[in-house]
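Participant: To start, I am sharing the structure in question, which I have written as structure tokens.
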Amino acid sequence: MVEDEIEIRELMALHLLRQGFKVVECAHPLEAQSVLENKVFDLVVLDWMMPGMSGVDFIDVLKAKSPESKILMVTAKTEPQDIVYGLEKGADDYLTKPFDPNIFMARVRALLRRSLISQAHIEDEEVKIAGLSINFKTYEVFVDLEKLHLTPSEFKLLALMVQNQGRVLTREKLIENIQGEGINVVGRTVDTHVFGLRKKLGSWSDHIETIRGVGYRVKLE
Numbered sequence: 000m001v002e003d004e005i006e007i008r009e010l011m012a013l014h015l016l017r018q019g020f021k022v023v024e025c026a027h028p029l030e031a032q033s034v035l036e037n038k039v040f041d042l043v044v045l046d047w048m049m050p051g052m053s054g055v056d057f058i059d060v061l062k063a064k065s066p067e068s069k070i071l072m073v074t075a076k077t078e079p080q081d082i083v084y085g086l087e088k089g090a091d092d093y094l095t096k097p098f099d100p101n102i103f104m105a106r107v108r109a110l111l112r113r114s115l116i117s118q119a120h121i122e123d124e125e126v127k128i129a130g131l132s133i134n135f136k137t138y139e140v141f142v143d144l145e146k147l148h149l150t151p152s153e154f155k156l157l158a159l160m161v162q163n164q165g166r167v168l169t170r171e172k173l174i175e176n177i178q179g180e181g182i183n184v185v186g187r188t189v190d191t192h193v194f195g196l197r198k199k200l201g202s203w204s205d206h207i208e209t210i211r212g213v214g215y216r217v218k219l220e
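Its first residue numbered 0, the sequence shown is counted upward by one per residue in numbering that gives the first Met the number 0.
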């Protein structure tokens, strides 16, 4: 947990500890960076406005050191553009202050469930399929040995479709995966992500099938 306001940090830690979670508290990103040298966490609760480095800037450091960790941003920044920016930077969910402790704990449990589901789908660190290679440890994607530069949302979207190849995924399911539960987004947001992803995938995008009025699937036949 990375939060500079001690009262809020202790409140969140108390609720987590009561539910049996192990908690490490950090007052700022530089302290958290030191902790990450020796530990890996299932979930990181992260404030935005902190001394030394902002929470959104720390996401890059966190993803480099522990790409498997889920990130829940808990912050007083409530503007829609701030929420979108935090999610696009790599946060898995976003909760605004002040918050209900029950909602906080529900978000934590939801993120941890999604983490377990993702791990169950990923048997290897790398998946290769029809010339596409996805490395879940380094967050790198290659098509015919050419490295693609995807946004965090595009990576999550592609990974979920590949892990569920042949299965139709609804827009709602895809939005939940890339932008976090409980976030109100425009219904066709996922279409924008798919459009950008297809452009970057080039000819491999032919494997992404649009199911009219429903969603998308990766189809190899």
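Every residue gets a Cβ at the ideal spot worked out from N, C-alpha and C, and that includes glycine.
Quick caveat, the model's predicted, so the values are computed rather than measured.
(1) Does M72 come out as helix, strand or coil in the three-state DSSP assignment?
(2) For Y215, which beta-bridge partners are listed by DSSP?
(3) Just to confirm, are T150 and G214 a CB contact at a threshold of 9 Å?
(4) Are the beta-carbon atoms of H27 and M0 separated by less than 9 Å?
(5) Starting from T95, trace the beta strand (DSSP E) in both directions and tell me its first and last residue.
(6) Along the chain, where does the alpha helix (DSSP H) that runs through F40 open and close?
(7) When the Cα atoms are used, what is the spatial distance from I102 to K136?
(8) Using a 10 Å radius around the Cβ and a threshold of 16 neighbouring Cβ atoms, would you call G165 buried or exposed?
(9) Considering just the uninterrupted stretch of the alpha helix (DSSP H) at L131, what are its terminal residues?
(10) Can you look up E145 in the DSSP assignment and give me helix, strand or coil?
(11) Helix, strand or coil for G54 per DSSP?
(12) My output table needs one value for F139: the three-state DSSP class, helix, strand or coil.
(13) What are the residues that DSSP puts in a beta bridge with K88?
(14) E4 by DSSP, collapsed to three states: which one?
(15) Assign K155 to buried or exposed, taking buried as 16 or more other Cβ atoms, counted over all protein chains shown, within 10 Å of its Cβ.
(16) Over the uninterrupted beta strand (DSSP E) stretch that includes K127, give me the two end residues.
(17) Could you tell me the boundaries of the alpha helix (DSSP H) in which F154 lies?
(18) If distances are taken between C-alpha atoms only, which option among K218, G195, R211 comes closest to Q162?
(19) Using only alpha-carbon positions, find the residue among E87, S68, D56 that is nearest to D41.
(20) Skipping 5 residues on each side, what residues in its chain have a beta carbon closer than 7 Å to that of S65?
Facilitator: With the given structure in hand:
(1) The residue given as residue 72 occupies position 73 in the sequence shown. M72 falls in the strand class under three-state DSSP.
(2) Position 216 of the sequence shown, counted from the start, is the residue given in the question as residue 215. The bridge partners DSSP lists for Y215 are L168, T209.
(3) Locating residue 150 in the sequence shown gives position 151, counting from the first residue. Locating residue 214 in the sequence shown gives position 215, counting from the first residue. Between T150 and G214, the CB-CB gap reaches or exceeds 9 Å.
(4) Within the sequence shown, residue 27 is the residue found at index 28, counting from 1. Within the sequence shown, residue 0 is the residue found at index 1, counting from 1. Going by C-beta atoms, H27 is not nearer than 9 Å to M0.
(5) Position 96 of the sequence shown, counted from the start, is the residue given in the question as residue 95. Unbroken beta strand (DSSP E) run through T95: 92-95.
(6) To locate residue 40, count along the sequence shown from 1; it is residue 41. Careful: F40 lies outside any alpha helix (DSSP H) and carries neither H nor E.
(7) As a working note, residue 102 is residue 103 in the sequence shown. As a working note, residue 136 is residue 137 in the sequence shown. Approximately 30 Å, taken between the alpha carbons.
(8) Sequence index remark: in the sequence shown, residue 165 carries index 166 (1-based). G165 comes out exposed.
(9) If you number the sequence shown from 1, residue 131 lands on position 132. Careful: L131 lies outside any alpha helix (DSSP H), inside the beta strand (DSSP E) at 131-134.
(10) If you number the sequence shown from 1, residue 145 lands on position 146. E145: strand per DSSP, three-state reduction.
(11) Your numbering for residue 54 matches position 55 in the sequence shown. Here G54 sits in helix by DSSP.
(12) To locate residue 139, count along the sequence shown from 1; it is residue 140. What sits at residue 139 in the sequence shown is Glu, not Phe. Note: E139 maps to strand in three-state DSSP.
(13) Locating residue 88 in the sequence shown gives position 89, counting from the first residue. Its beta-bridge partners do not exist; DSSP assigns none.
(14) What you label residue 4 is simply residue 5 of the sequence shown in a count that begins at 1. It is coil, neither helix nor strand.
(15) For the purposes of this step, residue 155 is identified with residue 156 of the sequence shown, where counting begins at 1. Counting C-beta atoms within 10 angstroms of its own C-beta, K155 has 16 or more neighbours from the protein chains shown and is therefore classed as buried.
(16) For the purposes of this step, residue 127 is taken as residue 128 along the sequence shown, with counting starting at 1. Unbroken beta strand (DSSP E) run through K127: 125-128.
(17) By 1-based counting over the sequence shown, the position of residue 154 is 155. Counting along the chain, the alpha helix (DSSP H) containing F154 begins and ends at 151-162.
(18) Taking the first residue of the sequence shown as position 1, residue 162 is located at position 163. When each option's Cα is compared against that of Q162, the closest is K218.
(19) What you label residue 41 is simply residue 42 of the sequence shown in a count that begins at 1. When the alpha-carbon of D41 is set against those of E87, S68, D56, the nearest one is in S68.
(20) Along the sequence shown, one-based indexing puts residue 65 at 66. Closer than 7 Å at Cβ, skipping near neighbours: L35, V39, F40.
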